[in-house]
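In numbering that gives the first Met the number 0, the protein residues as written are 0 to 241.
Before any comments, here is the structure.
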Amino acid sequence: MLIKEYRIPLPMSVEEYRIAQLYMIQKKSREETCGEGSGVEILENRPYVDGPGGNGQYTHKVYHIGMHIPSWFRSILPKAALRVEEESWNAYPYTRTRYTCPFVEKFSIDIETYYKTDPGDHSNVFNLSPAEKRQTILDPIDIVKDPIPPHEYKAEEDPKLYKSVKTKRGPLSEDWIQEYKNNPGRYPIMCAYKLCKVEFRYWGMQSKIERFIHDVDKDLSVKLARSFSKSASFLSCDQNPS
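If you want it as structure tokens, here you go:
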């Protein structure tokens, strides 16, 4: 198993991120259209008590082969793998998502996320033991400095270029995180702490596949963080996205 902790600082509040997250989820749902052999099936969607993160909402989905499977996941699956299961626990500002594939029994991706009001300097937000910390690779993500694949680049989402008319934030300099630390309160800041566990227990392929998945996941994280940052600038905290 390969474990990484990603830290993604963003120029917004935790509440603004929540609104942007709801907006992006609903946007994605509207874009999902069913074709032959494709679709998303919701098996469960219910509240839970005293579960991961406390009290929240549990969702169990099945992704059938088609454009609905996240591209980073679809890229590693054979065509014969027709079913991917997603379980999620949403107790915002904590979430957990787990992906499994019955076709590949020894494969799983587990992602825990905490959203905190800080620039990413929490030393152990997941309360890892000393042994667990030694096994975990820390990988900070900077939405300004970290590149994204050229075919995914959108100038209108580039934080070095974008300025929000609504919030008056941006564009961001390459030293925007340090600038915040030097002048706290200049603008809101938060950090998404993501603990990603990738397991592919097949001899001869384990390390290569686990590293590949993490690399693809990091590219996606940078892209989504930029999209969320722009979305939050359009949505005020008293809006209810629809």
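Ideal Cβ placement from N, Cα and C applies to all residues, glycine included.
Computed from a prediction, not measured in an experiment: that's the story for all the values here.
Item	Value
Return the first residue and the last residue of the beta strand (DSSP E) that I41 is part of.	38-50
I want to check one thing, is the minimum distance from the CB of Y113 to the heavy atoms of the ligand GTP below 7 Å?	This structure does not include the ligand GTP; it has no bound ligands of any sort.
How far does the beta strand (DSSP E) with N54 in it extend, from its first residue to its last?	53-63
In the DSSP assignment, what residue or residues form a beta bridge with E138?	With the sequence shown as reference, residue 138 is identified as Asp, and Glu is not the correct amino acid for it. Note: D138 sits in a beta bridge opposite Y5.
How many angstroms separate the CA atom of F199 from the CA atom of T112?	21 Å
Give the C-beta separation of Y57 and W88 to the nearest angstrom, bearing in mind that I take them to be a contact with Cβ-Cβ under 8 Å.	6 Å
Report the residue ranges of all alpha helix (DSSP H) runs contained in full by the segment 101-183; include only those spanning at least 4 residues, in chain order.	129-134, 175-181
Considering only the beta carbon of each residue, do Y5 and I140 sit closer than 8 Å?	yes
What's the gap between the Cα of I41 and the Cα of H63?	11 Å
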